[in-house]
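Here's what the structure looks like:
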């Protein structure tokens, strides 16, 4: 089965869920019932829609987003690996504990990932272990100052429709 | 209801219960009618205690938002540009704040240079449906903010090998 074309099968209620509840799901005993009330649905339908969005991969999860500067330690790192073997190297990076984002990018440093850990000491140990495992130097780029650190962002529906 | 920030009460439950709650929350809130009750049961906390922990963590800024975590690539927003800039240190905060105000810019951080092969000290992300569109937005921002004198590079993502929430909760002792 081919991957569903998620761009086009999200209806107006899905969009209202995605636009309205990235930041502020009500913190109450029955949050989905509260959302349902606001959208004129019933609780079971909100839950079913969220399950579907999750199954489609449009949402990764419902839940809190922790501030990584406070929740523990994290660091953006990059490594230059042979382009022809990039997938295999990326798998090796993914196997390391704490890696939560890992992207290939078009640069000499072609794998970019975020390493996380409960604290700075553990983070450094995880990075050192991965560096030794890969046998290649990691570019370590800790955040020094954040000017804009909220990942919720307006979805450009018009642009998605035009593409 | 008393706001947690105004309450001097200690966090409910013991430290181990809260650690387990945090670890479970990193996996996401259950999609069931009483998600806090379900989570609480797995940690030895009541529904109210689980919510009280989260309310406190929100007030303290440990949790910055509660809601749907959108995966932009699956939505069709697949052009993900990391734009890196070499900005004189004296200007980096000012340029960072101006870039962060742009609607197209979703993240903006200062990071250390790593000479000789990494001269860039300011990072921002621009997401869009197509590369040309993202590049046009960047050109427009560069022109409007007068940033043409700053060396910068655009690193598009070519593939996402992993995209998921952080795992920060300490592992269980033992």
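Residue numbers (UniProt numbering), protein chains in the order written: chain A, 1 to 163; chain B, 1 to 174.
Beta carbons are placed, not taken as given, at the ideal position from N, Cα and C, and that holds for glycine.
Practice problem: Leaving out five residues on either side along the sequence, give the residues of the same chain with a beta carbon under 8 Å from the beta carbon of residue 59 of chain A. | Solution: Cβ within range, chain order: 18, 50, 53.
Quiz prompt | Residue from A/70, A/138, A/39, A/114 whose Cα sits closest to the Cα of residue 117 of chain B | solution = Minimum Cα distance to residue 117 of chain B is reached at A/138.
Quiz item: By how many angstroms is the C-alpha of residue 93 of chain A removed from the C-alpha of residue 18 of chain B?
Solution: Looking at the two C-alpha atoms, the distance is approximately 30 Å.
Practice problem: Note down the Cα distance separating residue 70 of chain A from residue 37 of chain B, rounded to an integer number of angstroms. | Solution: Taking the straight line joining both Cα atoms gives about 26 Å.
Self-check item: Cβ-based neighbour list, residue 148 of chain B, same chain, cut-off 6 Å, excluding 5 preceding and 5 following
Solution: Cβ within range, chain order: 142.
Quiz item: Taking one C-beta from the segment 40-53 of chain B and one from the segment 83-98 of chain B each time, how about it: are there three or more such pairs within less than 8 Å?
Solution: Touching, no, given that fewer than three Cβ pairs across the two stretches are closer than 8 Å.
Exercise. Could you tell me whether any Cβ in chain B is nearer than 7 Å to the Cβ of residue 35 of chain A?
Key: Residue 35 of chain A is outside the set of residues whose beta carbon lies under 7 Å from a beta carbon in chain B.
Quiz item: How about residue 144 of chain A and residue 67 of chain B: do their beta carbons lie closer than 7 Å?
Solution: Cβ atoms of residue 144 of chain A and residue 67 of chain B: not closer than 7 Å.
Self-check item: Pairwise C-alpha distance: residue 31 of chain B and residue 217 of chain A
Solution: Residue numbering for chain A in the displayed model covers 1 to 163; residue 217 of chain A lies beyond these limits and cannot be assessed.
Quiz item: From residue 120 of chain A to residue 65 of chain A, what distance separates their C-alpha atoms?
Solution: Distance between the alpha carbons of residue 120 of chain A and residue 65 of chain A is about 20 Å.
Quiz prompt | DSSP bridge partner residues for residue 145 of chain A (one or two, in chain order) | solution = In the DSSP output, where bridge partners are listed per residue, residue 145 of chain A has B/110.
Quiz item: What are the residues of the segment 57-73 of chain A that lie near chain B, defined by any Cβ-Cβ distance shorter than 7 Å?
Solution: Near chain B, meaning a CB-to-CB distance below 7 Å, the residues of the segment 57-73 of chain A are 57, 58, 59, 60, 61, 62, 63, 64, 65, 66, 67, 68, 70, 71, 72.
Quiz prompt | Proximity test, Cβ basis, 7 Å: residue 128 of chain A and chain B | solution = Judged by the 7 Å Cβ criterion, residue 128 of chain A is not in contact with chain B.
Exercise. Measure the CB-CB distance between residue 79 of chain A and residue 34 of chain A and report whether it falls below 7 Å.
Key: Cβ distance not < 7 Å, so residue 79 of chain A and residue 34 of chain A don't count as in contact.
Quiz item: So, does the CB of residue 146 of chain B fall closer than 7 Å to a CB anywhere in chain A?
Solution: No - not a single Cβ of chain A is within 7 Å of the one on residue 146 of chain B.
Quiz item: For residue 113 of chain A, which beta-bridge partners are listed by DSSP?
Solution: For residue 113 of chain A, the beta-bridge partners assigned by DSSP are A/77, A/102.
Quiz item: Which one of B/62, B/108, B/160, B/29 has the shortest CA to CA distance from residue 90 of chain A?
Solution: When only C-alpha atoms are compared, the closest one is B/160.
Quiz prompt | Contact list for residue 99 of chain A against chain B, beta-carbon separation under 7 Å | solution = Neighbours of residue 99 of chain A across chain B, judged by C-beta separation under 7 Å: 162.
Exercise. Compare the C-alpha of residue 162 of chain B against each of A/97, A/108, A/156 and name the closest.
Key: Taking only the C-alpha atoms, the option nearest residue 162 of chain B is A/97.
Quiz item: How about residue 100 of chain B: is its C-beta nearer than 7 Å to some C-beta of chain A?
Solution: True, the Cβ-Cβ gap to chain A drops below 7 Å.
Quiz item: What is the residue span of the beta strand (DSSP E) that residue 124 of chain B lies within?
Solution: Unbroken beta strand (DSSP E) run through residue 124 of chain B: 122-128.
Quiz prompt | Residue from B/150, B/132, B/52, B/144 with nearest C-alpha to residue 159 of chain A | solution = The option with the nearest alpha carbon to residue 159 of chain A is B/132.
Quiz item: Nearest chain A C-beta to residue 126 of chain B closer than 7 Å, yes or no?
Solution: The C-beta of residue 126 of chain B comes no closer than 7 Å to any C-beta of chain A.
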